Amino acid sequence: MRADDVISCHVLVIGSGGAGARAAIEAQKYGDTVLISKSVVGKGGCTPMAEGGYNAVLRAGDSCVLHEEDTLRGGAYLNDPDLVQVLVRESPERFRELLEWGALFDISSDNFPAQRSFGGQRFPRTCYAGDRSGHEMMLTLLEHLRNSDVKILQEMAVLELLKEGDAVIGTVAMDARSGEMTVIRADCTVLATGGGTRMYDISTNSATGTGDGYALGYRAGATLIDMEMVQFHPTGAVYPYDVRGRLVTEAVRGEGGILLNAEDERFMARYDPQRMELSTRDVVARAIATEVEEGRGTSRKGVYLDVTHLPAKKIEERLPVMLEQFLKFGVDIRCEPMEVAPTAHHIMGGLQINPEGKTSLSGLCACGEVAGGVHGANRLGGNALAETQVFGKRAGESAGRAPSRQGRIDPLQLEAVENRVERFFSGTTPPWVVSRQLQKAMWENAGIFRTQIGLRDALKVTESLLDVPVCAVSSQNITECFTVRNMCLSASLVARSALLRPESRGAHVRSDVKQTWDAATSPYGHTWVSLASQGIMRQEVAG
Amino acid sequence: MRITARIYRFDPACDSEPHYDTCTVDVEEGARVLHLLHAAHERDPTLSYRYCCGTGQCGSCALRVDGTPVLACMEEARDGITIEPLNLPIKKDLVIDMQPALSRLAGILSQSEQRPPTREEVEAIKPLRECIECLACVSVCPAMEVAEFTGPTAMRQQMRLTLDPRDHADRITEAIRDGLFTCTTCQNCWKVCPKNIQIPGKAIEKLRALANRKGLTLPRHREVEQLIQETGRSIPRGKSTFLEQVPEVIEPDGEPRKTVGFFVGCMYDFRLPESALDAIEVLRRNGIRVIIPHEQVCCGSPLIRTGQLQFLDHLQRRNIQAFTSRGIDTVVTMCAGCGSTLKNDYRTPFVVKDITEILTELGIEKPARLPLRVAYHDPCHALRGQGLREPARILLKDVVEMIEVPQKCCGAGGGTRSGCPEVSSALGKKRAEELAKTGADVIVSCCPFCEYHIAGFADRPVKNITTILRQAYRRKDLGACPEQ
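Chains A and B, in that order, give the protein sequences. Its first residue numbered 200, the first sequence is counted upward by one per residue in my numbering. Its first residue numbered 15, the second sequence is counted upward by one per residue in my numbering.
Below, the structure is given as structure tokens:
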């Protein structure tokens, strides 16, 4: 690698979804900021795909305390309370900021941002733009970014974080097509790489949801918490086969959609008679999985999600993306029910952060889905988009305020990366063979219902797949090889963490464990994994 | 399910020109083009293609299937398709360089002194906001090929910002600088848009109307408006107009099968009356009774396309009145531009039909065959403006040898011919060359703007479809009476 391939900046933001874009906008107030994106900026990550909405306390009758309680209760009290408080307090401010920047959320008849009901919340506080809320946010952030001085590196994959002692001082990245490498030196780096449920066979995530950030952070020595907490969204599409897992937004239920099994029974009455379809996602996902498992599902192993009782006009206005997508696949949701089943959606765990977005490593901040602690054991719908803005801003600000540092690039670290690249050219197994095995193993053994035996199996598979000699045919396959390795590593962290938690809590269900406590009285806190150690925190249980 | 596809391959780094790989793969039922590409990529990992969300929301994977831009993740994979990149600069294989076009999209300039948009404003902007920046529109825009024009989605963005009370920049002046008046309103951008955003009508023409309010209409366009106000026609009159040559009612041969009103339009009335007379003759011969109100005026299309709307109501009222006062329930026009305007920009109490539509619907007397090879030019305002592709082909195929030419705008429309003649000419020249390349004896169309414009650049005759039909009837009559 040549010395002139080094870019130097004050803040480097990795990832261009809602959190990364927001972090970059904030960071550039303090100095030269580079945003590096694996996709075309604005097209990657999950933000542009997010349909439902953004939770913010805006109206009289709602309160931050109520939002906080809902979030903690929904998260099975595993959330980091400080992070939750920051989320609910600053979410309205960040929302208003988006409005100032040109966002076009739906407006109710009183010329106030419209809000809808979402699962697990006692107040309709989910702001939305039809069912393309995340797309709306992303466009707004892009319109803002275009007027900023942020330098954007498109379609480049970060291969490794570079360190000097214990501090992160930048990264080495690669152009996804040409295979050319670039070193970026930064005073502070913000990891905003999003989630990673592509490690599962059935997932809502985009092609970039491969868990790169968890793997990068882990290899650099950061501490990750609660990685076992994987949210299975209750309603993913089941047909066509190749599009299985595609998100069917919670807004469908928020707008009045009902769930029916193959026997035409509104089965949620047996699982959560109070909240019914608008129970929390973990509860609804388990209910659907149980119905299917016990033989009351459809032939495609799903259940029905029905909005045919709603006026066609309402469906057209509030759920246009759903309507369009299902029409493309031959279903008119105005007159036929959708078929849905759970799909891996969101990883609640991630790099441990403090309220400033700082990780356990000096020089490294994290925000958005790659960070852990905000959502505890189960995320409420509408809290993720809010999280991207609240913690994107905070991480960007922390990084911006970071002191400048010399940051001498260690040639040995670069050499190690180059050696990995070289080895891929003599590898023998194509990356997709590895990812397919990984996805099957994770779905079967680290899915909605888990046992120690299954999780050990999953861990064994993920760890053995990490050693498979993945092969690249040409330079453009190298980032694919790195990505599949990152998927395997992240998956192993999920399996390891899941084995550390001997209880059912939120999204993590150990069907082989009988427990006498509920979420509020659990003796357990966060699980953690890092290069140095792993474990589960114990906590005093109040009387 | 086993399917075969041809896939475009090109690596600018080492290939001198592109080639196609034929690839047979097994895919699941209901698979999309994207999944076909995944399978193809597993066979040949050097194949490059771009994708991300897989659900039609990010706009990464637009490409062409059998020539038409689609999203790979939403388009069903079919056997025998050809997969090519969008018609934009290629990075490798199916991956195009998106940055030049994306970098032309304006950001918002909001100031602290601002008010949030009202519900009505939000609803007005929404249709322009659904853009996923896939660049399908940019890849098919004819004006961008020959003019300094930032393109359809850049104009959409300017209109979106214009409608937003929070934005404080002068978007109209910017849009004009960026080529607002070079758009020919060919509608191609709208028809290929996966989100169905009506850019010509909802952005281009609206921006031009706002430009008009600021006094920024092009002088040549203002002249057209003045002419319409003074004469009721958008062009100066020729020697003898069509309306001067015809009575108000033309009785058909024999028992009338149908009575229709005839809307002639400025071009056929003032500049190409012979073609209109041919059309009347074809209608008459096929038992159609034609009523031609002589007080009819310009349909207003040149005003709508150029954003000059003050006088429009008057024209619309007068034209509608001309037909309703005679109790006419079906109005026929032979001008694709007028037809598109009457159908899309009017609320008429009568049905409007293009002449090719009414002739195919009623069925025509079989004409003789002509020993001609014909290149048919689809007018934008017939093909996309009215969704008319088949009728002209049905009429022509029995009469001549028809040569298919991929559709493309000739550059005559949208006020471009008067406002940006260099753009219009460049497109006209290209189109005439493409049509001539077929080796056809005659170029045929069904729009006076296309016919007149292409004729200015073509080295062979350009005729209206009814002229061809009339010629075929003449030949038939001659055949029946050889001594004549």
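Just so you know, even glycine gets a beta-carbon here, dropped at the ideal spot from N, CA and C. What you are looking at is a predicted structure, and each value in this text was computed from that prediction instead of being measured.
(Q) Going by DSSP, what residue range makes up the alpha helix (DSSP H) through W642(A)? (A) In the first sequence, the residue the question calls residue 642(A) occupies position 443. Note, W642(A): alpha helix (DSSP H), 630-644.
Q) How big is the Cα-Cα spacing for Q464(B) and G425(B)? A) Translated into positions along the second sequence, residue 464(B) becomes position 450. Translated into positions along the second sequence, residue 425(B) becomes position 411. Position check: residue 464(B) holds Cys in this sequence, whereas Gln was assumed. Taking the straight line joining both Cα atoms gives about 8 angstroms.
Q) CA-CA distance, E309(B) and A396(B)? A) In the second sequence, the residue the question calls residue 309(B) occupies position 295. In the second sequence, the residue the question calls residue 396(B) occupies position 382. Rounded to the nearest angstrom, the two C-alpha atoms are 25 angstroms apart.
Q | Buried or exposed (CB count within 10 angstroms, at least 16 for buried), H574(A) | A | In the first sequence, the residue the question calls residue 574(A) occupies position 375. H574(A) is buried by the Cβ-count criterion.
Q. Assuming A255(A) and R324(A) make a contact with CB atoms under 8 angstroms, what is their CB distance in whole Å?
A. Residue mapping note: residue 255(A) aligns to position 56 of the first sequence, counting from 1. Residue mapping note: residue 324(A) aligns to position 125 of the first sequence, counting from 1. 6 angstroms between Cβ atoms; contact.
Q) Whose C-beta lies closer than 7 angstroms to the C-beta of V287(A) among residues of the same chain, with five residues either side of it excluded? A) Residue 287(A) sits at position 88 when you count from the first residue of the first sequence. Cβ neighbours of V287(A) beyond the five flanking positions: V256, C263, H266, E267, T270.
Q. Taking Cβ to Cβ, would you say P233(B) is nearer than 9 angstroms to G275(B)?
A. Mapped onto the second sequence, residue 233(B) falls at position 219. Mapped onto the second sequence, residue 275(B) falls at position 261. For P233(B) and G275(B), no; Cβs fall outside 9 angstroms.
Q) Can you tell me the Cα-Cα spacing of D717(A) and L277(A), whole angstroms? A) In the first sequence, residue 717(A) corresponds to position 518, counting from 1. In the first sequence, residue 277(A) corresponds to position 78, counting from 1. So the alpha carbons of these two residues sit roughly 12 angstroms apart.
Q: Sort out for me which residues DSSP pairs F431(A) with in a bridge.
A: Indexing the first sequence from 1 puts residue 431(A) at position 232. For F431(A), the beta-bridge partners assigned by DSSP are A543(A).
Q. Since A594(A) contacts C566(A) with CB under 8 angstroms, what's their CB separation in whole angstroms?
A. Within the first sequence, residue 594(A) is the residue found at index 395, counting from 1. Within the first sequence, residue 566(A) is the residue found at index 367, counting from 1. Indeed, because the Cβ distance is near 4 angstroms, the residues count as touching under 8 angstroms.
Q | Residues that E299(A) contacts on chain B, provided the C-beta gap is smaller than 9 angstroms | A | Numbered from 1 along the first sequence, position 100 holds the residue referred to as residue 299(A). Going along chain B in sequence order, the residues near E299(A) (Cβ under 9 angstroms) are S124, S126, Q128, P130, R180.
Q) C352(B) by DSSP, collapsed to three states: which one? A) In the second sequence, residue 352(B) corresponds to position 338, counting from 1. In the structure shown, C352(B) sits in a helix (DSSP, three-state: H, G or I).
Q: Inspect the CB distances between the segment 309-327 of chain B and the segment 348-356 of chain B and report whether three or more fall short of 8 angstroms.
A: yes
Q | Range of the contiguous beta strand (DSSP E) that encloses R288(A) | A | On the first sequence, position 89 is the one that residue 288(A) refers to. R288(A) -> not in any beta strand (DSSP E); alpha helix (DSSP H) instead, spanning 280-299.
(Q) Mapping the DSSP letters down to three states, classify A385(A) as helix, strand or coil. (A) For the purposes of this step, residue 385(A) is taken as the residue at position 186 of the first sequence. In the three-state DSSP reduction, A385(A) falls in the strand class (E or B).
Q: Please name the residue, chosen from C75(B), T198(B), D181(B), that lies closest to T299(A) on a Cα-to-Cα basis.
A: In the first sequence, counting from the first residue as 1, residue 299(A) sits at position 100. Note on identity: in this sequence residue 299(A) is Glu, with Thr being the wrong assignment. It is D181(B) whose Cα lies nearest to the Cα of E299(A).
**Q.** DSSP state of E418(B) mapped onto helix, strand, coil
**A.** To locate residue 418(B), count along the second sequence from 1; it is residue 404. Coil, per DSSP.
(Q) If I follow the unbroken beta strand (DSSP E) through T167(B), where does it start and stop? (A) As a working note, residue 167(B) is residue 153 in the second sequence. It is not in any beta strand (DSSP E) - T167(B) instead sits in the alpha helix (DSSP H) that spans 166-176.
Q | Residues of the segment 520-531 of chain A with Cβ closer than 9 angstroms to any Cβ of chain B, in chain order | A | From the segment 520-531 of chain A, only V520, E523, Q524, K527, F528, G529 have a Cβ closer than 9 angstroms to chain B.
Q. Any idea what DSSP makes of T480(B), helix, strand or coil?
A. Counting from 1 along the second sequence, the entry for residue 480(B) is found at position 466. The answer is helix: DSSP assigns T480(B) an H, G or I state.
Q. What are the boundary residues of the beta strand (DSSP E) that includes M281(B)?
A. Working through the second sequence from its first residue, we reach residue 281(B) at position 267. Per DSSP, M281(B) belongs to no beta strand (DSSP E) and is neither H nor E.
**Q.** Nearest-angstrom Cα separation, counted from C280(B) out to D327(B)
**A.** Translated into positions along the second sequence, residue 327(B) becomes position 313. Translated into positions along the second sequence, residue 280(B) becomes position 266. Distance between the alpha carbons of D327(B) and C280(B): 17 angstroms.
Q. From I213(A), V205(A), I206(A), pick the residue whose C-alpha is nearest to that of C564(A); which is it?
A. Position 365 of the first sequence holds residue 564(A). Selected option, being the one with the closest Cα: I213(A).
Q. Which value, in whole angstroms, describes the spacing of the CA atoms of A731(A) and L149(B)?
A. Here residue 731(A) is taken as the residue at index 532 of the first sequence, counted from 1. Here residue 149(B) is taken as the residue at index 135 of the second sequence, counted from 1. Distance between the alpha carbons of A731(A) and L149(B) is about 48 angstroms.
Q | Inter-residue Cα distance where the pair is S689(A) and G321(B) | A | Position 490 of the first sequence, counted from the first residue, corresponds to residue 689(A). Position 307 of the second sequence, counted from the first residue, corresponds to residue 321(B). Using only the alpha carbons, I get a separation of about 57 angstroms.
(Q) Measuring only the C-alpha atoms, how far is P103(B) from V152(B)? (A) Numbered from 1 along the second sequence, position 89 holds the residue referred to as residue 103(B). Numbered from 1 along the second sequence, position 138 holds the residue referred to as residue 152(B). For P103(B) and V152(B), the distance between alpha carbons rounds to 11 angstroms.
Q | Interface residues of chain A facing Q71(B) [CB-CB closer than 8 angstroms] | A | Within the second sequence, residue 71(B) is the residue found at index 57, counting from 1. Correct list: P247, M248, R331, H334, V520.
Q | Identity of the residue in T650(A), V285(A), G274(A) nearest E555(A) by Cα | A | As a working mapping, residue 555(A) is identified with position 356 in the first sequence. Per the Cα distances, V285(A).
**Q.** Closer than 9 angstroms to chain B by CB, D411(A)
**A.** Stepping through the first sequence from its first residue, residue 411(A) is reached at position 212. Chain B, which has no Cβ nearer than 9 angstroms to the Cβ of D411(A), makes this no.
Q) Taking Cβ positions, are L441(B) and A472(B) nearer each other than 9 angstroms? A) Residue mapping note: residue 441(B) aligns to position 427 of the second sequence, counting from 1. Residue mapping note: residue 472(B) aligns to position 458 of the second sequence, counting from 1. No, the pair does not count as a contact, with Cβ atoms beyond the cut-off.
Q. For D305(A) and chain B, any beta-carbon pair shorter than 9 angstroms?
A. As a working mapping, residue 305(A) is identified with position 106 in the first sequence. Output row for D305(A): interface = yes.
**Q.** Cβ pair A389(B), T452(B) closer than 9 angstroms
**A.** Taking the first residue of the second sequence as 1, we reach residue 389(B) at position 375. Taking the first residue of the second sequence as 1, we reach residue 452(B) at position 438. Their beta carbons are under 9 angstroms apart, which means A389(B) touches T452(B) by this criterion.
(Q) Spatial neighbours of A202(A) within its chain, please: C-beta separation below 8 angstroms, excluding the five flanking residues on both sides. (A) In the first sequence, counting from the first residue as 1, residue 202(A) sits at position 3. Legend: pLDDT at A202(A) = 47, less than 50; position of this residue unreliable, value from coordinates given subsequently. Same-chain partners within the cutoff: there are none.
Q: Whole angstroms is fine: what's the gap from V311(B)'s alpha carbon to Y440(A)'s?
A: The residue you call residue 311(B) lines up with position 297 of the second sequence. The residue you call residue 440(A) lines up with position 241 of the first sequence. The alpha-carbon atoms of V311(B) and Y440(A) are separated by roughly 57 angstroms.
Q) Between the C-alpha atoms of K490(B) and I242(B), what's the straight-line distance to the nearest angstrom? A) On the second sequence, position 476 is the one that residue 490(B) refers to. On the second sequence, position 228 is the one that residue 242(B) refers to. Distance between the alpha carbons of K490(B) and I242(B) is about 41 angstroms.
Q | Limits of the unbroken alpha helix (DSSP H) element including G12(B) | A | Not covered by the structure: residue 12(B). The range shown for chain B is 15 to 498.
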